[in-house]
Amino acid sequence: MKNIFCPLPEAYSPRYVEAQWYSWWEKQGFFKPEYGLSSMLDENSEEQCSGKYHKRKDCLERPRKVRSRYANSLVIHDEHIVQDEAVNYDEKRDLWSSYDPANHREIIEEYEKVEEAERQLKAEKLKNDTAKYLRNLDPNSAYYDPKTRSMRDNPNPQVPAEESEFDSENFVRFTGDTTKHAGAQLFAWEAHGKGVDVDLLAEPTKLELLQKEYEKKKEQFKPSVRIEGQFSLFIHNVAAFGDCFGKSLTNLMRSKKYNNEHISHWDVLSKTVPLLVLYDFILFILKIYEGTYCGKVWR
Numbered sequence: 001m002k003n004i005f006c007p008l009p010e011a012y013s014p015r016y017v018e019a020q021w022y023s024w025w026e027k028q029g030f031f032k033p034e035y036g037l038s039s040m041l042d043e044n045s046e047e048q049c050s051g052k053y054h055k056r057k058d059c060l061e062r063p064r065k066v067r068s069r070y071a072n073s074l075v076i077h078d079e080h081i082v083q084d085e086a087v088n089y090d091e092k093r094d095l096w097s098s099y100d101p102a103n104h105r106e107i108i109e110e111y112e113k114v115e116e117a118e119r120q121l122k123a124e125k126l127k128n129d130t131a132k133y134l135r136n137l138d139p140n141s142a143y144y145d146p147k148t149r150s151m152r153d154n155p156n157p158q159v160p161a162e163e164s165e166f167d168s169e170n171f172v173r174f175t176g177d178t179t180k181h182a183g184a185q186l187f188a189w190e191a192h193g194k195g196v197d198v199d200l201l202a203e204p205t206k207l208e209l210l211q212k213e214y215e216k217k218k219e220q221f222k223p224s225v226r227i228e229g230q231f232s233l234f235i236h237n238v239a240a241f242g243d244c245f246g247k248s249l250t251n252l253m254r255s256k257k258y259n260n261e262h263i264s265h266w267d268v269l270s271k272t273v274p275l276l277v278l279y280d281f282i283l284f285i286l287k288i289y290e291g292t293y294c295g296k297v298w299r
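Mapping of the sequence shown onto full-length UniProt numbering: residues 1 to 299, in sequence order.
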């Protein structure tokens, strides 16, 4: 045992401490070379695969260029133990000679549990899955289509909806969060059609946030409804042709040459006057609607 009660110098000196401890470390074997995992092998272990329960001539591993004793790795996984009763060459190399059939019982029990669960599930399906045409044996009840295997009407309409096991194939849930879910699905389809990568089942939170943001911005950009906005725009367009029957129509003709090969003013006006009179009549109706006629209040 190392004596640590030796006198120490007044000043700390690493060399002095190492000189006192080095000889003891060397005796304890701290400076012996290590060769990786091969140093963990037992002296009696086999050189080929590092097995401890068979000799080299009984080894079943592939011959290696560098044996496990000199390699920096442990190559053994499942060692083959040679039975003491093995006498000849074949018995020593029989991989199933040391197999215990009791180990296979665990696998059998696991498969038996799975089969029992499948059997119970099948029994529950047979007990609860009643055919549609057996819901009501009355021939005057709901019609069953054998071609499509569908019954679109309720076979027992006298039974309350809360107690009925089968309503009809046209029954659709439209209460609770069903409408909200349908709206979210419709929004997801429309967004996907416009190039937005979103899916209701894969990313429900992302879809909900997008829908809230869309509804918020939809209210912001909604066009404001202006009273008589279209009528005022129409009046400005009509004002170019005349106002309240008082404006002369001769000012519209600015060229001495008649259009479309006409020979007189009346020939031109006969085509344009009816249209202008119609515009003035519409303007007159609008003025009456607004309550004024040619600047005077209509009473």
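The beta-carbon is built from N, C-alpha and C at its ideal position, and this holds for glycine as well.
Between S150 and P139, the alpha-carbon positions lie close to 16 angstroms from each other. In the three-state reduction of the DSSP assignment, S150 falls in the strand class, which pools E and B. Assigned with DSSP and collapsed to three states, D199 falls in coil, not helix or strand. Q211 is positioned such that its CB atom lies closer than 8 angstroms to that of F187.
Residue environment for D145: exposed (fewer than 16 other C-beta atoms within 10 angstroms of its C-beta). Counted as a single uninterrupted DSSP element, the alpha helix (DSSP H) harbouring Q220 occupies residues P204 to Q220. In the DSSP assignment, D145 forms a beta bridge with S150.
Comparing C-alpha distances from S164 to each of F171, G183 and N156 shows the shortest one belongs to N156. Rounded to the nearest whole angstrom, the C-alpha separation of E190 and E208 is 14 angstroms. In this structure, the beta-carbon distance from N170 to R152 falls below 8 angstroms.
Looking only at L60, T179, L278 and K180, the smallest Cα-Cα distance to K92 is reached by L60. Distance from A184 to L200 at the Cβ level is roughly 6 angstroms; contact confirmed, criterion being Cβ atoms closer than 8 angstroms.
Here A123 is exposed. Its C-beta has fewer than 16 other C-beta atoms within 10 Å. When C-alpha distances from N154 are compared across A161, S168, K147 and Y143, the shortest belongs to S168.
By the beta-carbon neighbour count (other beta carbons within 10 angstroms, threshold 16), D90 is exposed. Straight through space, the alpha carbons of L121 and K147 are spaced by roughly 29 angstroms.
Around the beta carbon of L134, a 10 Å sphere encloses fewer than 16 other beta carbons of the protein chains shown; the residue is thus reported as exposed. Y22 and V66 have their C-alpha atoms spaced approximately 36 angstroms apart. Going by DSSP, F31 is part of no alpha helix (DSSP H) at all; its letter is neither H nor E. The DSSP-derived three-state label of Y89 is helix.
K132 sits close to F166, with the two beta carbons spaced by under 8 angstroms. For R56 and F30, the gap between their C-alpha atoms comes out near 32 angstroms.
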